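Structure first, then comments.
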Amino acid sequence: MTKSYHIAILPGDGIGPEVMAQARKVLDAVRQRFDIRISAAEYDVGGIAIDRHGSPLPAATVAGCEQADAILFGSVGGPKWEHLPAAEQPERGALLPLRKHFKLFSNLRPARLYQGLEDFCPLRADIAANGFDILCVRELTGGIYFGQPKGREGQGMQERAFDTEVYHRFEIERIARIAFESARKRRGKVTSIDKANVLQSSILWREVVNGVAKDYPDVSLSHMYIDNATMQLIKDPSQFDVLLCSNPVRRHSV
1 MTKSYHIAIL PGDGIGPEVM AQARKVLDAV RQRFDIRISA AEYDVGGIAI
51 DRHGSPLPAA TVAGCEQADA ILFGSVGGPK WEHLPAAEQP ERGALLPLRK
101 HFKLFSNLRP ARLYQGLEDF CPLRADIAAN GFDILCVREL TGGIYFGQPK
151 GREGQGMQER AFDTEVYHRF EIERIARIAF ESARKRRGKV TSIDKANVLQ
201 SSILWREVVN GVAKDYPDVS LSHMYIDNAT MQLIKDPSQF DVLLCSNPVR
251 RHSV
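See below:
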């Protein structure tokens, strides 16, 4: 029986439309190769949605995504909309609410250097020669991006801005299980990256990850502070298999 899938395509801004145009070609190739039905509909999101509809995430876009089996998301934001209040800019007004609405808590981001492409790698030649195949598992809907309170207050030299890093045990546990399940299908190694020498949220992160690791005796676990992890990724990326990261930490690693 031929399977059918409906895809919501959100090209967005900048390189988004260009990337999504190529993604549609991939969908066509998959459809022909595997004899499946794929339908697609495009919806506005981000800056272009602000220009056309007055909102970075129109209700019609959310409704279209709810009816789809999957969402292909391009890119949002750009200098044109940087004058808007922070909450109304494309990134804050579209990308984060979309993640939250659909509970998209897990970001799987592979980084692999294929044989024959070593000369195009920015790493030193002797390091690139070893290659690397890393999967970064990043938590997306907790942490400092969504924690409350956040804001600005005061005036003059007393003006201040603040964000709050909050992680619940269940948020850490579910993303940790994604990392360990992924490692089981790869080389069996998880490196959890945190800042447990300073942050309470990272201390809880490490405790919960250690607890989850007990359910995966076939997967090795190590912990690394973000400062060291960033250096190690440059010195020898081949040592890593699966990286487990909180929401902001991934921005400093892969």
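Note that the UniProt record's numbering numbers the sequence shown so that position 167 is 167, with each residue one more than the last. By construction, the Cβ of each residue, glycine as well, lies at the ideal position given by its N, Cα and C atoms. Keep in mind the model is a prediction, meaning the values are calculated, not measured.
| query | result |
| --- | --- |
| Selection from D51, K100, D28 and Q32 that minimises the alpha carbon distance to A40 | D28 |
| Identity of the residue in F120, E139, W81 and F132 nearest K103 by Cα | E139 |
| Close beta carbons around E91, own chain, < 7 Å, minus the five adjacent residues each side | V76 and G77 |
| Beta carbon of C136 nearer than 8 Å to that of R174 | no |
| Exposed unless 16 or more other CB atoms sit within 10 angstroms - verdict on residue 255 | Only positions 1 to 254 of the chain appear in the structure, and residue 255 is not among them; the question remains open. |
| Where residue 258 falls, given that 16 or more other Cβ within 10 Å makes a residue buried | In the structure as shown, the chain begins at 1 and stops at 254. Residue 258 is therefore absent and cannot be evaluated. |
| Pair within 8 Å by beta-carbon distance, L10 and V45 | yes |
| Simplified DSSP state of Y5, which is helix, strand or coil | strand |
| Rounded C-alpha distance that separates F120 from A229 | 23 Å |
| Expected contact under 8 Å - CB spacing of Y216 and F180 to nearest Å | 4 Å |
| Residues near P149 in its chain [Cβ-Cβ closer than 8 Å; skip 5 each side] | F162 and T164 |
| Distance, K195 Cα to I226 Cα | 6 Å |
| M20 burial status per 10 Å Cβ neighbour count (16 or more: buried) | buried |
| P237 versus Q155: straight-line alpha-carbon distance, rounded | 46 Å |
| In DSSP terms, what H136 is bridged to | A quick correction: the sequence has Cys, not His, at residue 136. R109 and L243, per the DSSP bridge assignment. |
| Inter-residue CB distance, A183 and V212 (contact presumed, cutoff 8 Å) | With a Cβ gap of about 12 Å, A183 and V212 do not count as contacting. |
| Nearest-angstrom Cα separation, counted from R99 out to R52 | 22 Å |
| Beta-carbon proximity of I203 to M224, cut-off 8 Å | no |
| Between the CA atoms of V190 and V242 - distance to the nearest angstrom | 5 Å |
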